[in-house]
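In what follows, a single structure is set out as C-alpha cells and then discussed.
Chains as they are written, first to last, in my numbering: chain B, 9 to 441; chain V, 9 to 229.
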C-alpha cells in the first residue's frame, strides 16, 4: 500500500500514452504512444552525491518505432499507435524490446555508446577522406570517452502476418520465441526469423456471419514455454498446450464463470468482454479484467474465479450513457505486484484501484498534478454512490469520463508503479520510513 | 411504446456508430463491430418483443405507410447500410420517427442495385427484388431457427435487476421489468405468438434480414 511518503514524478509526454511496461529488473520503463513513439525511462542509480534523486526515473531514450502506413489493397490507413511493448530479458549490455502497432511487430535494440574511436589513418576527425599522399605514418585508432549516447536500432521487423488488428504480444520463457495475437489468430514467431510465423490459434469461422467471439488478449505462461492463455470477448479464457497439437484450436482448459442472472442487462454481453489477461508471477493464477470487475482465477479451477473485485460497480446503472459516449468500449489493463499479493487496475476520473488479495482491503487513488506533490502521501479517494455525499467524496455524476487510466505497470520487485493518465506518466514510489 | 422508442434509439445509435467506425483511422475494428452488432441485436429483439406485446398495429400510427410497417425497418437498416458507402450524408442518429423514412420506402429494386453495386454486400439485396445474387432462402431459414432457439433467452437476458432502475435510463429499466416478467412465463417455443399468426410470421423475416444486413455490413472488409 502506498501509505507512506511517496516520491512522485509526473512527466508530460507529447502524445497520448498507449502502453507502459517495466523491464525485468525494473531499471527501465518503456512507454509507447499514439504517435508511434517509444520513450524509455531509466532509474537513477543511487549515489551519495544526489540523495534526493535516488531512484528517480529520467528519460533515457526516445525513438520513433512505427510510422503511419497505408494498405493500398484495402484502402486502409494503418495506425502508428503502439499497442504493446514487451521487454526481452537482458542477456548482454544492450536492451531489447518488442513494440507493435496494429499490423507489425518490431524488435528494437537499445544500446549505449560512451566511447568513440579517434585517430583513423584514412579519415580526418570530421570523417573526410584524407589525401593518401599526406599520410606518412600509421597509427592505431584509440577509443576515447564521449558523451553518453543511447541509440535505438530496429533489429527485426515482423510484418504481414496479421489480417486483423494485433492486440497482444508475449515473449516466451524460452527467450527464443514470442507470440502475437489479433482478433482471430495467434502467431508464434522465432526472433531470428521474420519471413515466417506459425499460426497456433485460428478462431475464424468458415462463414464470417457466424462470428460470435474474438480474441482480446493473450499471454505465455511465465515458466512453462509450452503453455499460453487467451481471452475472448465472451468473457472466457482458454489455456492451450503447444505440445498437444500444432494448431491449438482445442483448448486444454476452459475458464468460464456462469452468468449471474440478477446482473443481466441490455449490455451484459459487451461488458463481459475481457480486456486484459495476466499470469501471476508464480504462474499459478491468471487475472482478467472486464469492464466492471477484475477476477483472479486458479489454473486448477475452471468453473469460476477464486476472487472477484468490483472496480467501479456504480457504473452498472450508467451503462446506457457509457454506450452513448463510447466509454463502454474502453479496454482497461490490470497488473500484479511483484509478490502477487496486490493487483491494480485503472478507472475513470484518473482514478486507479488497488486490491490487496490477503487483507481484502482496497484503495482508490488519483493521478492528478494537484494531488501529487513530490514526497506527498497519496490520499485515498472515494466515490459516493448515492445519498449524502461526504466532504471529500466525489459523486458518480461528477466523474470525468474523459480522464481514464487504461495502462498501468508495477515494478517487478519494488513498490513502484507507473500510471498513464492520457499524456501524463505518473511514477509513484513507496518509501517506507 | 417507451421500450420501442428507446430500443429504436439504441438501434439507430448503433448503426450510426458502425458507420462512424468505418471512417476511423485504422479501418473497421472487428471487435468493435461485433460488440455493436450484439447491442443492435438486443435492441432489435427488445423492439420486436415490445411491439408484439403492445397489441397495437403500427398501421394506426402511420396512416400513409404501405401495408406491413415492419417491412420498413429493414429498409431503414438497409438504407443505413447503403449509406455506409458514404454515398449519402451521415444519417440523423436521433430520428426515431418513421415518417422521414418514407423516402426509403420506394419500390424495391429501384435505385438499390446502383447503390450497393460497389461493395460485396449481397445480403442487403436479399430482402428486396434484387435476389438472384444470393440464395437467400436458406440463410433466412437458418436465421429463423436461430431466432426460435434464441428467443427463450431473450426475456432472461434482458431482465434487468431492480437495482438498475436508477441511473441514466430509469424508464427503460422499469418498463423492461414490467414487460418481461410476463414474457418469462410464456412458453419458450417461439417468439410471443399472442398476436395473430400471420402477423408473427412476417415479423421474423424482415427482422432476420435486418440482422443479416447489419452483420454483413459490419464484417465485410
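Backbone N, C-alpha and C fix where the C-beta goes; we use that ideal spot for every residue, glycine too.
- Using a 10 angstroms sphere on the CB of residue 298 of chain B, the tally of other CB atoms reaches 16 or more, which defines it as buried.
- With respect to the 9 angstroms criterion, residue 124 of chain B and residue 130 of chain B are not classified as neighbours on the basis of their beta carbons.
- In the three-state scheme derived from DSSP, where H, G and I count as helix and E and B as strand, residue 289 of chain B is classed as coil.
- Restricted to the segment 137-196 of chain B, the beta strand (DSSP E) segments that are unbroken, complete and at least 3 residues in length are 150-166, 176-179, 185-189, listed in chain order.
- Within chain B, the residues 85, 87 have their CB atoms less than 7 angstroms from the CB of residue 33 of chain V, given in chain order.
- When C-alpha distances from residue 282 of chain B are compared across B:337, B:290, B:331, B:332, the shortest belongs to B:337.
- Within the segment 21-67 of chain B, complete beta strand (DSSP E) segments of at least 3 residues are found at 25-30, 36-41, 45-51, given in chain order.
- Of all residues in the segment 39-52 of chain V, only 39, 40, 42, 43, 46, 47, 50, 51 come within less than 8 angstroms of chain B when Cβ atoms are compared, listed by chain position.
- Our two residues, residue 224 of chain B and residue 95 of chain B, have alpha carbons roughly 21 angstroms apart in a direct line.
- Secondary structure of residue 25 of chain V (DSSP, three-state): helix.
- Comparing alpha-carbon positions, the option among V:10, V:9, V:19 lying closest to residue 51 of chain V turns out to be V:19.
- Against chain V, the beta carbon of residue 224 of chain B has neighbours under 8 angstroms at 39, listed in chain order.
- Within the same chain, and ignoring the five residues on either side of residue 181 of chain B in sequence, the residues whose Cβ sits closer than 8 angstroms to its Cβ are 228, 229, 230, 231, 232, 233.
- Residue environment for residue 419 of chain B: buried (at least 16 other C-beta atoms within 10 angstroms of its C-beta).
- Here residue 90 of chain B is near residue 42 of chain B, since their CB atoms are less than 9 angstroms apart.
- Pairing residue 39 of chain B with residue 25 of chain B, the inter-Cα distance amounts to about 7 angstroms.
- Residue environment analysis places residue 150 of chain B among the exposed positions, since fewer than 16 neighbouring C-beta atoms fall within 10 angstroms of its C-beta.
- Contact of residue 21 of chain V with chain B by beta-carbon distance below 7 angstroms involves 332.
- Taken through DSSP and simplified to helix, strand or coil, residue 19 of chain V comes out as helix.
- Close to chain V, meaning a Cβ-Cβ distance shorter than 9 angstroms, are the following residues of the segment 281-293 of chain B: 281.
- In this structure, residue 409 of chain B keeps its C-beta atom at 9 angstroms or more from the C-beta atom of residue 300 of chain B.
- Only residues of its own chain outside the window of five on either side were considered, and among them 234, 235, 256, 260 have a CB closer than 8 angstroms to the CB of residue 249 of chain B, listed in chain order.
- Interface annotation, residue 192 of chain B: in contact with chain V, CB-CB separation under 9 angstroms.
- Residue state for residue 90 of chain B is assigned as coil, using DSSP reduced to three classes.
- For residue 415 of chain B, no alpha helix (DSSP H) segment is defined; the enclosing uninterrupted segment is the beta strand (DSSP E) at 415-418.
- Taking 9 angstroms as the cut-off, the beta carbon of residue 238 of chain B is found no closer than this to the beta carbon of residue 169 of chain B.
- Residue 34 of chain V places its beta carbon 9 angstroms or farther from that of residue 415 of chain B.
- Taking the Cα of residue 276 of chain B as reference, the smallest distance to any Cα among B:284, B:252, B:241 is reached at B:241.
- In this structure, DSSP gives residue 253 of chain B a state outside helix and strand, which the three-state scheme calls coil.
- Taking a C-beta distance under 9 angstroms as the contact criterion, residue 115 of chain B and residue 165 of chain B qualify as a contact pair.
- If you ignore the 5 residues before and after residue 434 of chain B, its C-beta comes within less than 6 angstroms of the C-beta of 18, 375, 427, all in its own chain and listed in chain order.
- Three or more beta-carbon pairs separated by less than 8 angstroms are not found between the segment 206-218 of chain B and the segment 141-158 of chain B, which leaves the two stretches without contact.
- Taking all protein chains shown into account, residue 48 of chain V has 16 or more neighbouring C-beta atoms within 10 Å of its C-beta and is therefore buried.
- Rounded to the nearest angstrom, the Cβ distance from residue 163 of chain B to residue 117 of chain B is 5 angstroms, consistent with a contact under 8 angstroms.
- Annotated three-state conformation of residue 58 of chain V is helix, per DSSP.
- Taking C-beta separations shorter than 6 angstroms and ignoring five residues to either side along the sequence, the partners of residue 363 of chain B in its chain run 317, 351, 370, following chain order.
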